[in-house]
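Taken in order, these protein sequences are the chains called R and B. If you read the first sequence in my numbering, its first letter stands for residue 32, the second for the next number, and so on. If you read the second sequence in my numbering, its first letter stands for residue 32, the second for the next number, and so on. Structure first, then comments.
Protein chains: 2
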Amino acid sequence: MNDLRFTKDVVDAGLASAMTLADQLATMQAADAVELLNELELDDTIGIIAEMPRDHAVLILDQPELHSAATIIEALPDAAACALLDAMSADRVTDIFHELDEKVRDRLFPGLGRETQAALRKLLRYPPHTAGSLMTTEFVSVPANWSVAQTLQYIREVERSRETVYAIYVTDPATKSLLRAVALRRLITSEPDVSIMSVGRDVAPVTVAPLTDQEDVARLFRKHDLLAVPVVNDGNQIIGIVTVDDVIDAMTQEMTEDTLKFGGMEALNKPYMQIGFLHMIRKRAGWLGVLFLSEMLTASAMQHFEGELERAVVLTLFIPLIMSSGGNSGSQATSLLIRALALQELRLKDWWRVALREIPTGLVLGSFLGLIGVVRITTWQMLGLFDYGPHWPLIAATVGTALVGIVTFGSLVGSMLPFILQKTGFDPASASAPFVATLVDVTGLVIYFSIALVILSGTLL
Amino acid sequence: MNDLRFTKDVVDAGLASAMTLADQLATMQAADAVELLNELELDDTIGIIAEMPRDHAVLILDQPELHSAATIIEALPDAAACALLDAMSADRVTDIFHELDEKVRDRLFPGLGRETQAALRKLLRYPPHTAGSLMTTEFVSVPANWSVAQTLQYIREVERSRETVYAIYVTDPATKSLLRAVALRRLITSEPDVSIMSVGRDVAPVTVAPLTDQEDVARLFRKHDLLAVPVVNDGNQIIGIVTVDDVIDAMTQEMTEDTLKFGGMEALNKPYMQIGFLHMIRKRAGWLGVLFLSEMLTASAMQHFEGELERAVVLTLFIPLIMSSGGNSGSQATSLLIRALALQELRLKDWWRVALREIPTGLVLGSFLGLIGVVRITTWQMLGLFDYGPHWPLIAATVGTALVGIVTFGSLVGSMLPFILQKTGFDPASASAPFVATLVDVTGLVIYFSIALVILSGTLL
Numbered sequence: 032m033n034d035l036r037f038t039k040d041v042v043d044a045g046l047a048s049a050m051t052l053a054d055q056l057a058t059m060q061a062a063d064a065v066e067l068l069n070e071l072e073l074d075d076t077i078g079i080i081a082e083m084p085r086d087h088a089v090l091i092l093d094q095p096e097l098h099s100a101a102t103i104i105e106a107l108p109d110a111a112a113c114a115l116l117d118a119m120s121a122d123r124v125t126d127i128f129h130e131l132d133e134k135v136r137d138r139l140f141p142g143l144g145r146e147t148q149a150a151l152r153k154l155l156r157y158p159p160h161t162a163g164s165l166m167t168t169e170f171v172s173v174p175a176n177w178s179v180a181q182t183l184q185y186i187r188e189v190e191r192s193r194e195t196v197y198a199i200y201v202t203d204p205a206t207k208s209l210l211r212a213v214a215l216r217r218l219i220t221s222e223p224d225v226s227i228m229s230v231g232r233d234v235a236p237v238t239v240a241p242l243t244d245q246e247d248v249a250r251l252f253r254k255h256d257l258l259a260v261p262v263v264n265d266g267n268q269i270i271g272i273v274t275v276d277d278v279i280d281a282m283t284q285e286m287t288e289d290t291l292k293f294g295g296m297e298a299l300n301k302p303y304m305q306i307g308f309l310h311m312i313r314k315r316a317g318w319l320g321v322l323f324l325s326e327m328l329t330a331s332a333m334q335h336f337e338g339e340l341e342r343a344v345v346l347t348l349f350i351p352l353i354m355s356s357g358g359n360s361g362s363q364a365t366s367l368l369i370r371a372l373a374l375q376e377l378r379l380k381d382w383w384r385v386a387l388r389e390i391p392t393g394l395v396l397g398s399f400l401g402l403i404g405v406v407r408i409t410t411w412q413m414l415g416l417f418d419y420g421p422h423w424p425l426i427a428a429t430v431g432t433a434l435v436g437i438v439t440f441g442s443l444v445g446s447m448l449p450f451i452l453q454k455t456g457f458d459p460a461s462a463s464a465p466f467v468a469t470l471v472d473v474t475g476l477v478i479y480f481s482i483a484l485v486i487l488s489g490t491l492l
Numbered sequence: 032m033n034d035l036r037f038t039k040d041v042v043d044a045g046l047a048s049a050m051t052l053a054d055q056l057a058t059m060q061a062a063d064a065v066e067l068l069n070e071l072e073l074d075d076t077i078g079i080i081a082e083m084p085r086d087h088a089v090l091i092l093d094q095p096e097l098h099s100a101a102t103i104i105e106a107l108p109d110a111a112a113c114a115l116l117d118a119m120s121a122d123r124v125t126d127i128f129h130e131l132d133e134k135v136r137d138r139l140f141p142g143l144g145r146e147t148q149a150a151l152r153k154l155l156r157y158p159p160h161t162a163g164s165l166m167t168t169e170f171v172s173v174p175a176n177w178s179v180a181q182t183l184q185y186i187r188e189v190e191r192s193r194e195t196v197y198a199i200y201v202t203d204p205a206t207k208s209l210l211r212a213v214a215l216r217r218l219i220t221s222e223p224d225v226s227i228m229s230v231g232r233d234v235a236p237v238t239v240a241p242l243t244d245q246e247d248v249a250r251l252f253r254k255h256d257l258l259a260v261p262v263v264n265d266g267n268q269i270i271g272i273v274t275v276d277d278v279i280d281a282m283t284q285e286m287t288e289d290t291l292k293f294g295g296m297e298a299l300n301k302p303y304m305q306i307g308f309l310h311m312i313r314k315r316a317g318w319l320g321v322l323f324l325s326e327m328l329t330a331s332a333m334q335h336f337e338g339e340l341e342r343a344v345v346l347t348l349f350i351p352l353i354m355s356s357g358g359n360s361g362s363q364a365t366s367l368l369i370r371a372l373a374l375q376e377l378r379l380k381d382w383w384r385v386a387l388r389e390i391p392t393g394l395v396l397g398s399f400l401g402l403i404g405v406v407r408i409t410t411w412q413m414l415g416l417f418d419y420g421p422h423w424p425l426i427a428a429t430v431g432t433a434l435v436g437i438v439t440f441g442s443l444v445g446s447m448l449p450f451i452l453q454k455t456g457f458d459p460a461s462a463s464a465p466f467v468a469t470l471v472d473v474t475g476l477v478i479y480f481s482i483a484l485v486i487l488s489g490t491l492l
C-alpha cells in the first residue's frame, strides 16, 4: 500500500513521466497495478498503458477490475489496440467489445487476427449470465491417440497463447467428441510414452452447455472442486472452457444482485459512488413505488374497520408492533428458503414438507411473542404506567392471539414465496424482505381486527 | 441422474450387496457418488465405504459434502480409519477431527502416521473463518538453487501425497523464507536446466497470514485470480496453502450466513431439513424477541399521542403505509451499503460522502411516494370512495410531508447502519432488514405525529 500511495503522489505532483511509472508498474502484481491505475485520471492511464511493454499492457487489460478498459482501447491507435486485443484472453476481449460502440467495433474488427475474430464471432452471441458468456475459447485439446510426451510437447508450443492450462481435453480423433479431462499435474507424473487416455481416472468429464446458467455452473464448480469446466455443444464437442476465476467473479456478482434484490431494489451494475444520481433513483423508485401501492391496501383495510377503530382507539396502539412481527418472521423464513433452494438442499416438490415445518414453528414463535405482549400489557396496567381501560384483559388476549396468528401466517407466506417464484419461472432470490412484509401487513391487519371482533364483541366493539 | 436413481432403488430393494454398489460408485464422479451415499441409511454407507478400495474411499471421504463423515470414520475399525485418515488431505482430516468426540480423537490419534499427526497438531489450533482453518499443509516447496528439472522430478515423487499441485513455492535455502510462486504450466514450458528462480515474472507472491479472515482471503483470490495462496508465518516461511475450492466453499457459506443475517436471524450450520425443531426455534426466536421488544417502543410512542389519536382517528389509517415506506427505503440503502463495503468500493472514511448522497436520494424518493399518497387521498375523496372529513386537504398534506421526512430518514439510517457496525467492530453484513425497519418505525411515528401536530393544529388537533 505504501508503494501505491507513493506512486500516486508522484503522479499527482507531476514528477514522474508516464514512462517511469510504466516501469514501476511492471514490478507489481497486475491487480495492484490496476488498483493504482483506477485512481488516476483516465488520460494518464491511457498514456501509461501506451508506454508499457506490450506483454505487461496485456496483463493489465486482462484484469476485469480495470475501469474503462473499453475507453482505453478506443483511445489507443488502432494498430496498437488490435495488437493488444489479439494478445488478450478471448473472454476479456468479448467483454470489452460488449462495451464498445458499434462504430468502434466495426473499425477495430478488420484489424484483428483471424483467431481473435473467430472467437469474437462465437462469444459475442451468448447472452449474459450463461456459461457461453463466461467461457474462453483458449483451451488445450488433443486427440486420444496421442502419447503423454506428444501432449507435453504440444502444451509447450501453445502455452503462451492459452490463458489457462489447468486441464487437457482429450477428444475422439474421428468425431472430435470429448472423452476425458486430464489434469496437468497428472500429466507431469505419467510416463512419457503411455497413451494420454491412460492418465487419470476413467470417468466421464463434467461438462456444461453454452446456455447453462452461471449459477448452475458455479454449483458444479463447488460440487466437483473444478478449476475449469469444458463447454460442449450438442455433439459433445468442446467449444470453450469456463475457468474458476471467472466463476468466482460471477458468484460475487450474483451475491451482490441477490442482496440488493432481497433488500427490495433492482440490481446495479456499477459501484455505489459511480452510479449517476438519476440512475440510482430509478433503480430504487420502481420497487419502492410498487410496494407503496400494495401497502395502500392497508389503508383500505383500516378504512373498512374505521367504525371499530373509533370505538376502540386502544387497538391502534398495537398495530405497528403486530404488523412488524409478521413481517419479521416472514423475512426470516424467506431468507432461509432462498438459500435452501439456491444450495439445492430442497427441491420444488419439498414445499409441503417446508409448510408442515413452518406452521408449528410459526405457532411456537408466535406464542412466544404473544406471551411477551400479554406480559407487557398486564405489567403496564398493573404498575399504572398506562390505562388500557376496563377491558384490558380482553385487549391483552386480542394482542396475544393476533400475534400467534400473524407470526404463523408470516412464517408460512415467507417460506412459500421462494417456492412460488421458482415454480413460476422466477429466481427464488427475487423475493425481498420488504415484499414479504407488505404481503403479510395487509392480511395481518385483517387477522388482527377479526380476532378483535370475536374477543371484544359485546364489550368494546 | 437416472443412474443414481437406479442405484438407489437397487439398494432400497435389498438386491445389491455393498460390494457391487462399491464397484458401481467407483465409475462415478466422486461428488455424484457422495450425493448418492447421502441419500442412503448411514449403516449402508458405512458398509459400502468399508468395502471400497482404499483409494476410492479416500476420494469420497475427502468431499466436504459427505454427510456424517465423522460418524463413518468412528464406525470403522480403528486401523482402517487411521489408514484412510492418513491418505486424506490434511484440511479435511482437521474438519473431521473437529466433529469427533474428544474420546474418539484420543483413541484414533496414536494410530495415525507422524505426518498426519503433525498436520493435525498445527491445523486444529486455528479458529474457524481464518486462513489457517481453511489451509492444508500439503504443498510443494523447493529451494531457490534447484533447477526446473530437479523440481519436476521432485513433483513426480510427491504428487500422490499432495492434494493440489497448482503452484510450486520457491524458498530461500538458508532462511526458508518464501521467494516466488511458480505456476505448474510455466514449469512445463521452461528449459529443464535453468534455475527455478528464472521461471515466471519476478514479482513477490501474494500471501496471507494464518489469522487472515476468510472473507479477506476470498477477496485476494478474486483480485489476483489465484488458484492457491500460500499462508506464511511472521518469518515469511510458508506453513500451508489455501486452495480455490475451499475458498469457493467458504464464499458460499458466507453468502448463506449473510443472507440469513440480513433476513433477521442467526446463521445456521446445517441444511434446513436437517436442523432440529427446537434448534430452529432458538435461532429465530432470539432476534424475533429483540426486534419485538424494540418495536414495543412504537406502542409507547402511540400511547404518548393517544389524545391526538382519539381526536383524529383518520390519522391511524396511514400508519402502516407510512411506517413500511420508511422501512423499505432503509432496507434498500442497507443492502446497497453492505455490498459496497464488502466489495471495498467504499471505506469507513467515506461515510459522509454516502450520507450526502442518501439525503437528496431520500428527499426525491420520499417526494415521489408523498405525491402518490396525496393523489390517492384526493382521488378517494373526490370520487366519494371514502370520506377523510372536512380537513382532507390538510390530512393529505400531512401524509405527503411525513413520507418525505420518513423516507429520507430511512435512507439515511439504513445507509449509516453498516458503517456504524463496521466502525464498532461488527460485520456490516450483520445489519438486517427487520432491524433497520424497527429502527425507522419508532422515529417514523414520532415524525408523523409531529408533522400532524404542526399542520392540523387548530383544526383537527
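Positions of the beta carbon are idealized from the N, C-alpha and C atoms, including for glycine.
| Item | Value |
| --- | --- |
| So, with DSSP's three-state summary, where would you put Ile390(B)? | helix |
| How big is the Cα-Cα spacing for Thr347(R) and Val477(B)? | 15 angstroms |
| What residue range does the beta strand (DSSP E) around Ile350(B) cover? | First-last for Ile350(B): 350–373, but that is the alpha helix (DSSP H), not the beta strand (DSSP E). |
| What residues in its chain sit with their C-beta under 6 angstroms from that of Gln284(R), if we drop five residues either side in the sequence? | none |
| Leu196(R) versus chain B: which residues are under 7 angstroms apart at the beta carbon? | As written in the sequence, residue 196(R) is Val, which differs from the Leu given in the question. Here the neighbours are Arg216. |
| Helix, strand or coil: which one does DSSP assign to Asn230(R)? | Note that residue 230(R) corresponds to Val in the displayed sequence, not to Asn. Residue state, collapsed to three classes: coil. |
| According to the neighbour-count rule (16 or more other Cβ atoms, all chains shown, within 10 Å of its Cβ), is Arg313(R) buried or exposed? | exposed |
| Output yes or no for whether 8 angstroms exceeds the beta carbon distance between Asp126(R) and Pro95(R). | yes |
| Who are the near neighbours of Leu68(B) in its chain, counting only those whose CB is closer than 6 angstroms to its CB and skipping five residues on each side? | Thr76 |
| Straight-line CA distance for Ser164(R) to Asp122(R)? | 8 angstroms |
| Exposed or buried, Pro84(R), counting other C-beta atoms within 10 Å across all chains shown (16 or more means buried)? | exposed |
| May I have the straight-line CA-CA distance separating Ala114(R) from Arg138(R), to the nearest angstrom? | 14 angstroms |
| For the stretch 431–448 of chain R against the stretch 412–421 of chain R, do three or more pairs of beta-carbon atoms, one drawn from each stretch, fall closer than 8 angstroms, so that the two count as touching? | no |
| Which class does Asp244(B) belong to by DSSP, given the choice of helix, strand or coil? | strand |
| Select from the stretch 403–414 of chain R all residues with a C-beta closer than 7 angstroms to any C-beta belonging to chain B, and list them in chain order. | Ile403, Arg407 |
| Please go through the same chain and pick out, in chain order, the residues whose beta-carbon is closer than 7 angstroms to the beta-carbon of Met311(B), but skip the five residues on each side of it. | none |
| Is it the case that the stretch 229–239 of chain R contacts the stretch 203–214 of chain R, given that we only count it when at least three CB pairs across the two stretches are under 8 angstroms? | yes |
| Could you pull the DSSP bridge partners for Ala249(R) from this structure? | In DSSP, Ala249(R) forms no bridge with anything. |
| Is Leu487(B) close to chain R? Criterion is C-beta to C-beta, closer than 8 angstroms. | no |
| How about Ser58(B): is its C-beta nearer than 8 angstroms to some C-beta of chain R? | Residue identity check: residue 58(B) is Thr in the sequence provided, not Ser. Interface residue, yes. |
| Under a CB-based cut-off of 8 angstroms, is Asp280(R) close to chain B? | yes |
| Can you check whether the CB of Ile270(B) is closer than 8 angstroms to the CB of Ser172(B)? | no |
| Suppose the cutoff is 7 angstroms on Cβ atoms and the five residues either side in sequence are ignored; what does the same chain contact list for Thr474(R) look like? | Phe440 |
| Below 6 angstroms CB to CB, which residues in the same chain sit around Val430(R) once its five sequence neighbours on both sides are set aside? | Phe349, Gly404 |
| Between Arg378(B), Phe128(B), Thr161(B), His160(B), which lies nearest to Ala150(B) when the distance is taken from Cα to Cα? | Phe128(B) |
| Find out if the Cβ-Cβ distance for the pair Leu368(B), Pro449(B) is shorter than 8 angstroms. | yes |
| Between the Cα of Arg136(B) and those of Ala162(B), Thr167(B), Ala101(B), spot the shortest distance and give me the residue it belongs to. | Ala101(B) |
| At the 8 angstroms Cβ level, is Ile80(R) part of the contact set with chain B, yes or no? | no |
| What residue does the beta strand (DSSP E) around Thr290(B) start on, and which one ends it? | Note, Thr290(B): premise wrong, no beta strand (DSSP E); alpha helix (DSSP H) at 275–293. |
| Ile306(B) lies in the alpha helix (DSSP H); which residues open and close that run? | Neither: Ile306(B) is in no alpha helix (DSSP H) and is coded neither H nor E. |
| So, does the stretch 314–328 of chain B touch the stretch 295–304 of chain B, judging by three or more C-beta pairs under 8 angstroms? | yes |
| Per DSSP, which residues does Ser488(B) bridge with? Please list them. | Its beta-bridge partners do not exist; DSSP assigns none. |
| Answer with yes or no whether the minimum CB distance from Gln387(B) to chain R is below 8 angstroms. | The sequence given here places Leu at residue 387(B); Gln does not occur at that position. It does not; no Cβ of chain R falls within 8 angstroms. |
| Can you tell me the Cα-Cα spacing of Ile486(R) and Gln412(B), whole angstroms? | 33 angstroms |
| Nearest-angstrom Cα distance between Ala386(B) and Ser99(R)? | 27 angstroms |
| Does any CB atom of chain B fall closer than 8 angstroms to the CB of Arg136(R)? | no |
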